[in-house]
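Under the UniProt record's numbering, the first residue of the sequence shown carries the number 1, and numbering increases by one thereafter.
Worksheet: one structure, shown below.
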Amino acid sequence: MKLLKPFLKRFFLVAVPILAVYLFAQMAAKENRRSEHPTDVGLGIAFLLVFIFIVMFVAFIADLIIRIRGKQVSLAWMDAGFLLLFSIPITYIGCLIASRDCFCKWVIDTIDLIG
1 MKLLKPFLKR
11 FFLVAVPILA
21 VYLFAQMAAK
31 ENRRSEHPTD
41 VGLGIAFLLV
51 FIFIVMFVAF
61 IADLIIRIRG
71 KQVSLAWMDA
81 GFLLLFSIPI
91 TYIGCLIASR
101 DCFCKWVIDT
111 IDLIG
């Protein structure tokens, strides 16, 4: 019960911005379909999502450092779990932008196989 409140704070800190981007993407796509000359709204939404992921990644790294310095090991492990979840899409997008040699080929093939 002691870890439930910090977990829920972190979960909602992650879920609310992602849900907001999802709802914005739905509205933007709907309006784009109505337009006489549709544009590429997906690229703007992708940039917004990457920006949100990077900001949250940096915030969780800062929180992880604070928790480690404060010797709050259980909260540090929780932050590390969230960082692991953030590193997957950031790595995937970075590999899509970079070359597909070595590690990036394995990451892209694995995520494409799952999805």
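Positions of the beta carbon are idealized from the N, C-alpha and C atoms, including for glycine.
So, for residue i: in the same chain, excluding its five sequence neighbours on each side, which residues have a beta-carbon less than 7 Å away from its beta-carbon?
i      : result
Arg-10 : Met-78 and Phe-82
Ile-68 : Ala-76
Indicate the three-state DSSP secondary structure (helix, strand or coil) for residue i in the structure shown.
i       : result
Asp-40  : coil
Gln-72  : coil
Cys-102 : coil
Lys-9   : helix
Ser-87  : helix
Met-1   : coil
Gly-115 : coil
Measure the Cβ-Cβ separation of residue i and residue j and say whether it is below 8 Å.
i      : j      : result
Ala-28 : Val-16 : no
Met-56 : Phe-86 : yes
Leu-3  : Ser-74 : yes
Identify, in the order they occur along the chain, each residue of the same chain with its Cβ nearer than 8 Å to the Cβ of residue i, setting aside the five sequence neighbours on each side.
i      : result
Phe-7  : Met-78
Tyr-92 : Val-107, Ile-108 and Ile-111
Pro-38 : Asn-32
Ile-90 : Val-50, Phe-53, Ile-54 and Phe-57
So residue i and residue j are supposed to be a Cβ contact under 8 Å. How far apart are they, rounded?
i       : j      : result
Phe-25  : Ile-45 : Position check: residue 25 holds Ala in this sequence, whereas Phe was assumed. Yes, they are in contact, since the Cβ atoms of Ala-25 and Ile-45 sit about 5 Å apart, within 8 Å.
Ile-114 : Cys-95 : At roughly 14 Å, the Cβ-Cβ gap does not stay under 8 Å, so Ile-114 and Cys-95 are not in contact.
Leu-49  : Val-21 : 5 Å
For residue i, which residues from the same chain have a beta carbon less than 6 Å from its beta carbon, with the 5 sequence-adjacent residues on both sides left out?
i           : result
residue 138 : With the chain represented from 1 up to 115, any question about residue 138 goes unanswered, as that position is not in the structure.
Met-52      : Note on residue identity: the sequence assigns Ile, not Met, to residue 52. Here the set comprises Pro-17.
Phe-60      : Asp-79, Phe-82 and Leu-83
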